[in-house]
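Working notes, beginning with the structure itself.
2 protein chains.
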Amino acid sequence: MRALVTGGAGFIGSHLIDRLIGRGDEVVVLDNFSSGHATFLSHHEPSGLLTVVKGDICNPEDVAAAMSLNIDCVFHLAANPDIRLGTRITNTDLNQGTVATYNILEAMRIAGVKQIAFASSSVVYGEDAPLPTPENHGPCMPISLYGASKQAGEGLISSWVGTFGLQAWIFRFANIIGARGTHGVIFDFIHKLKNDPTRLEVLGNGLQEKSYMEVGDCVDAILHVMASTNEPLNLYNLGSHDTASVRRIAEIVVEVTGCHDAKIEYTGGDRGWAGDIPRARLAIEKMLESGFDVSMNSEEAIRHTASVLLEEIGLEETT
Amino acid sequence: MRALVTGGAGFIGSHLIDRLIGRGDEVVVLDNFSSGHATFLSHHEPSGLLTVVKGDICNPEDVAAAMSLNIDCVFHLAANPDIRLGTRITNTDLNQGTVATYNILEAMRIAGVKQIAFASSSVVYGEDAPLPTPENHGPCMPISLYGASKQAGEGLISSWVGTFGLQAWIFRFANIIGARGTHGVIFDFIHKLKNDPTRLEVLGNGLQEKSYMEVGDCVDAILHVMASTNEPLNLYNLGSHDTASVRRIAEIVVEVTGCHDAKIEYTGGDRGWAGDIPRARLAIEKMLESGFDVSMNSEEAIRHTASVLLEEIGLEETT
Chain B
0 MRALVTGGAG FIGSHLIDRL IGRGDEVVVL DNFSSGHATF LSHHEPSGLL TVVKGDICNP
60 EDVAAAMSLN IDCVFHLAAN PDIRLGTRIT NTDLNQGTVA TYNILEAMRI AGVKQIAFAS
120 SSVVYGEDAP LPTPENHGPC MPISLYGASK QAGEGLISSW VGTFGLQAWI FRFANIIGAR
180 GTHGVIFDFI HKLKNDPTRL EVLGNGLQEK SYMEVGDCVD AILHVMASTN EPLNLYNLGS
240 HDTASVRRIA EIVVEVTGCH DAKIEYTGGD RGWAGDIPRA RLAIEKMLES GFDVSMNSEE
300 AIRHTASVLL EEIGLEETT
Chain H
0 MRALVTGGAG FIGSHLIDRL IGRGDEVVVL DNFSSGHATF LSHHEPSGLL TVVKGDICNP
60 EDVAAAMSLN IDCVFHLAAN PDIRLGTRIT NTDLNQGTVA TYNILEAMRI AGVKQIAFAS
120 SSVVYGEDAP LPTPENHGPC MPISLYGASK QAGEGLISSW VGTFGLQAWI FRFANIIGAR
180 GTHGVIFDFI HKLKNDPTRL EVLGNGLQEK SYMEVGDCVD AILHVMASTN EPLNLYNLGS
240 HDTASVRRIA EIVVEVTGCH DAKIEYTGGD RGWAGDIPRA RLAIEKMLES GFDVSMNSEE
300 AIRHTASVLL EEIGLEETT
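Protein chains in written order, with numbering that gives the first Met the number 0: chain B, 0 to 318; chain H, 0 to 318.
Written out as structure tokens, the structure is:
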């Protein structure tokens, strides 16, 4: 198989490519390297299975160029990685999420590419959903602009399935964490402690409670579900069995980094920023019924991630 | 109150404005007159309550200009009126639906306008929903590009409520029909009989079965629900109690037009076009519980509409 992975040089994309190339697939990466890194992929150069196209999913010509390379299946992972940015520059998620997903789908239609897997998110459910939230929850009322763009992407894909005969897998991710993370709470905490090992500022009251999934589990789940389902449109939550609080994450990061003197300070309020959802947990029965289970619970994934990100980021310059 | 009505010169918009001006509200219309007509509004000129801004919701400057006129509440009705066009020019609904709705919301944020009512559609539910379909059905998987743009508009509005403190009413419409209709099955049938009173071609097998709501009932329901609800985000299906088949509509239009010799011919297949949903019926318990009920069932609305559209369109040139 020959796969196109948008955002392939990024966090989740590079792990997916490890699996795809590991099983012998050819991979074309489309990435603008805004938050991705060539070093996340350089170990695949000797394989001869990797083609990297530097380009932007917001540019239809770049998308068409990548799509013309005899693609069998698209893994559309690229998006604005900074959910908080949407609040300040309000067309960020519209352009990098919704319109970019349209660009991908239209290029697929023109090139005759028939399969897509899409990285959606638990944030499409919004704030009032029951926990754990099943795939058939409705109405989905996202409260962040990022969430709105993920919902819009799902709808575009669904309409391409219904109108043009595409086959699609939509995955609603829990918080995905692990090696090569380029954003998120653990990444932020380590950078804060690198700047000042005596204090750790936590956005909100720390009682935010969400489900975390290790990135290796995430990409294994994607490939397992795709191999075991064959409907025109397949929708799956991907997450772990439990949750962890931001307070607990702060404690683990302090412990793993060895910054035992760091004072953990909370900015207060029930959420980190406007559009943040304080409590999130996905129902994962559908994923489990497909025959896949995670290898780590939320706290194990957090501890593992803190450890590997500490190694990647380092504390040296400031300690 | 001073309302901005996008698409105010169109079918539903002009009926809404009849009610708003009838109760003494001031109204600003933003319309590009692509399918709207000045004659739909000209009877309000003497009132002094109507301001018409000719402009396009796809143009942020036009939207900002209209939004700067001391608006209290936006009724966002404008959209691509031709659901079938989306299949041929695939960015039609993206631009005239999704991006245009973003333009409206962003202009509201900048101007400090805090209330919006949005015309969404039953087509957001997609094809596999139970009938009648309640508001909390999920997942919503639209099969038309028009449906995808309505879902995206809902998500954008929901995210503006969650992030910027907007208050919103989202209405998922059944098939709305009535005087001043500018598109839709009855409109099409009358035009076909005007061209050739001896035959009536029906797209599909005629067994498509949907719910129809008279436009006067629709705009009354909008204003009733807005007056009786006050959540940050209010979601309501608007429809009637029953359904009618396209076959029955064809018979009624033939009867009302007096083209009794017209042979009704079916193109076959279970739907009119790619992205058409053959069977649709909204659960309207929530609307009924708000204290509003419709004055016409589907067949009464169809017969009324055929009669008034016949008067508006006329058959003269061809008979």
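Virtual Cβ for every residue (Gly too), placed ideally from N, Cα, C.
task = From the DSSP output, read off the bridge partner residues of L244/H.
result = The question names Leu, but residue 244/H is Ser in the sequence shown. DSSP, once it has assigned bridges, lists E208/H as partnering S244/H.
task = State yes or no: is the beta carbon of M140/B nearer than 8 Å to at least one beta carbon in chain H?
result = yes
Cα-Cα separation between E310/H and F188/H, rounded to whole angstroms = 14 Å
task = Please go through the same chain and pick out, in chain order, the residues whose beta-carbon is closer than 7 Å to the beta-carbon of T54/B, but skip the five residues on each side of it.
result = Per the sequence shown, residue 54/B should be read as Gly rather than Thr. Contacts found: L29, N31, D61, A64, A65.
ask   = Within the chosen definition, does the segment 211–218 of chain H reach the segment 100–111 of chain H through at least 3 CB pairs nearer than 8 Å?
value = no
task = Could you name the residues that DSSP lists as bridge partners for K262/H?
result = R198/H
inquiry  = Let's see if you can read the secondary structure: which residues bound the alpha helix (DSSP H) around R108/B?
reply    = 99–110
query = Just how far apart, CA to CA, sit R83/H and G96/H?
reply = 14 Å
inquiry  = Between E319/H and chain B, is the shortest Cβ-Cβ distance under 8 Å, so that the two count as touching?
reply    = In the structure displayed, chain H extends from 0 to 318; residue 319/H sits before or after that span and is not available.
ask   = What residue range is occupied by the uninterrupted alpha helix (DSSP H) comprising S121/B?
value = Unbroken run through S121/B: none, as it is neither H nor E.
key: the segment 122–131 of chain B touching the segment 110–130 of chain H, judged by at least three CB pairs closer than 8 Å   = no
Contact the segment 159–175 of chain B vs the segment 112–119 of chain B: 3+ CB pairs below 8 Å = yes
message = Could you compute how far the alpha carbon of T304/H sits from the alpha carbon of L192/H?
response = 15 Å
query = With 16 as the cutoff for other CB atoms within 10 Å, does H75/H come out buried or exposed?
reply = buried
message = I need the straight-line Cα distance from M330/B to Q150/B, nearest angstrom please.
response = This structure gives no information on residue 330/B, because the portion of chain B shown stretches from 0 to 318.
A110/B at chain H interface by Cβ criterion, 8 Å = no
ask   = So with Cβ pairs under 8 Å, would you call D61/H a contact of chain B?
value = no
query = How many Å lie between I88/B and Y235/H at the Cα?
reply = 30 Å
ask   = Since H75/H is in the beta strand (DSSP E), which residue starts that stretch and which ends it?
value = 72–75
query = At a CB-CB cut-off below 8 Å, which residues of chain H make contact with E126/B?
reply = G161
task = Would you mind stating whether N174/H and Y265/H have Cβ atoms separated by less than 8 Å?
result = no
task = Can you pull the chain B residues whose beta carbon is under 7 Å from the beta carbon of S289/H, in chain order?
result = The contacting residues do not exist; S289/H stays about 17 Å from chain B at best.
E299/H versus T86/H, I221/H, T242/H, G6/H, residue with shortest Cα-Cα distance = T242/H
query = Exposed or buried, which one is H14/B when buried takes at least 16 other CB atoms within 10 Å?
reply = buried
request  = Using three-state DSSP, classify T181/H as helix, strand or coil.
outcome  = coil
task = Indicate whether the contact test is met: 3 or more Cβ pairs, each with one atom in the segment 220–227 of chain H and one in the segment 260–278 of chain H, closer than 8 Å.
result = no
inquiry  = In the DSSP output, which residue or residues are listed as bridge partners for Y235/B?
reply    = F170/B
query = Hey, would you say D260/H sits closer than 8 Å to T197/H, going by beta carbons?
reply = yes
query = Can a CB atom of chain B be found closer than 8 Å to the CB of G154/H?
reply = yes
task = Figure out for me which residue from R1/H, R18/H, G35/H, R22/H has the closest Cα to the Cα of F10/H.
result = G35/H
message = Please classify T318/H as buried or exposed, where buried requires at least 16 other C-beta atoms within 10 Å of its C-beta.
response = Only weak support is given to the placement of T318/H: the predicted model assigns it a pLDDT of 43, under 50, and the value that follows is read from those uncertain coordinates. Exposed, by the Cβ-count rule.
key: Residue interval of the alpha helix (DSSP H) (run including K149/B)   = 144–163
request  = Kindly list, in the order they appear in chain H, the residues whose Cβ is closer than 7 Å to that of E134/B.
outcome  = P138
ask   = Closest by CA to V184/H, which one among E315/H, P231/H, C258/H, V252/H?
value = V252/H
ask   = If the cut is a Cβ gap below 8 Å, which residues of chain H does N90/B touch?
value = Y101, E105
query = By the criterion of Cβ-Cβ separation under 8 Å, what are the contact partners of Q114/H in chain B?
reply = What Q114/H touches in chain B: nothing, since even the nearest Cβ is about 17 Å away.
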